[in-house]
Amino acid sequence: MRITETAIPGAYVIDLEPHADDRGAFFELLRADLLEPHLGHSFVVGQINYSVSRRNTLRGIHSTAVPPGQEKFVTCLRGGIRDIIVDLRMGSPAFGRYVVTELVEDRGRALYIPDGVGHAFHVRADDTCVLYAVSTLFDPAAQLEVDPLDPQLALPWELPGPPVMSEKDRGARSLAEMADSGLLPKWE
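Quick note, the sequence shown lines up with residues 5 to 192 if you use the working numbering.
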């Protein structure tokens with residue numbers, strides 16, 4: 005397992021070592037003992053979710069208010085996605101910056117996303133399944149959404165046409181509007 009910090013402080017790409025034989029491959033997806041030294045704390049899973057999406061679906065940018073915050077560990081189990089994380093922490097040296105990671109079913113790659121960092125992805129293949137292990141239970145009152153098509157962010161989605169989006173994501177506010185509203189988490 006190789007754990008590499010991204011350009012967003014506290015966010016990591018985890019490249020998994022496949023154990024392959026005639027049957028296929030086996031991956032150790034999450035090794036808390038290897039992740040903890042990088043994080044400086046234990047990643048405790050409070051809930052595990054997965055989504056199944058059709059091609060050209062765009063989900064996000066999602067985060068939570070801090071507190072309570074919500075750390076995420078994300079991987080693609082079937083299909084493929086272009087995953088983009090955005091630093092939403094006011095005062096962060098990387099505020100507004102993003103990192104793009106391709107997650108595909110047979111690559112053995114995952115992302116650790118800390119509190120205050122937004123998460124979004126674009127689905128590249130029909131029937132794509134994305135798994136999210138999160139540190140806290142879903143709390144609708146704590147959810148934050150930022151427009152994934154915000155022209156100021158100009159995220160490199162490489163969309164083949166208008167994406168399939170939820171009403172919530174389609175109605176999300178821009179990063180500037182969220183910052184002006186005082187709803188974004190703080191870097192501390």
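Just so you know, even glycine gets a beta-carbon here, dropped at the ideal spot from N, CA and C. Nothing here was measured: the structure is a model prediction, and the numbers come from that model.
Proximity of residue i and residue j at Cβ, strictly below 8 Å
i	j	result
residue 122	residue 170	no
residue 17	residue 85	no
residue 116	residue 159	no
residue 75	residue 139	yes
residue 132	residue 57	yes
residue 163	residue 100	no
residue 65	residue 15	no
residue 5	residue 38	yes
Backbone CA spacing between residue i and residue j [nearest angstrom]
i	j	result
residue 187	residue 91	14 Å
residue 177	residue 154	8 Å
residue 46	residue 172	32 Å
residue 81	residue 52	13 Å
residue 32	residue 69	31 Å
residue 77	residue 148	18 Å
Under the three-state DSSP convention, the category residue i falls into
i	result
residue 19	strand
residue 39	helix
residue 171	helix
residue 63	strand
Endpoints, the alpha helix (DSSP H) within which residue i is located
i	result
residue 185	179–185
Ordered list of beta strand (DSSP E) runs contained in the stretch 81–161, each at least 3 residues = 84–91, 102–108, 113–117, 121–127, 132–138 and 147–149
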